[in-house]
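Residues in the sequence shown are numbered from -15 upward in steps of one, following the numbering used here.
Beta carbons: idealized from backbone N, C-alpha and C, even for Gly.
Given the structure is predicted, the values throughout are model-derived calculations rather than measurements.
Below you'll find the structure, written out as structure tokens, and then a few comments.
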Amino acid sequence: MSRNELEKLVWTKPTVALAKELGVSDVAIGKRCKSMNITKPKPGFWAKVNAGLIPNPKGKPVVTD
């Protein structure tokens, strides 16, 4: 998986849901993001999205290689 693909995925859905979809652990995704220098949403981000406090980012931030 490319850096762009992974970054888009972690900004599209919670890491736990993404991990289940990909058949890996959320820790593995976190480690991969760290090794690829990918910024992930902070804890509580998706709870705020689900509560309607912030808009769904739909794959933000924009990635430039």
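Beta-carbon proximity of residue i to residue j, cut-off 7 angstroms
i          : j          : result
residue 0  : residue 24 : no
residue 38 : residue -9 : no
DSSP three-state assignment for residue i, whether helix, strand or coil
i           : result
residue 13  : helix
residue -12 : helix
residue -3  : coil
residue 18  : helix
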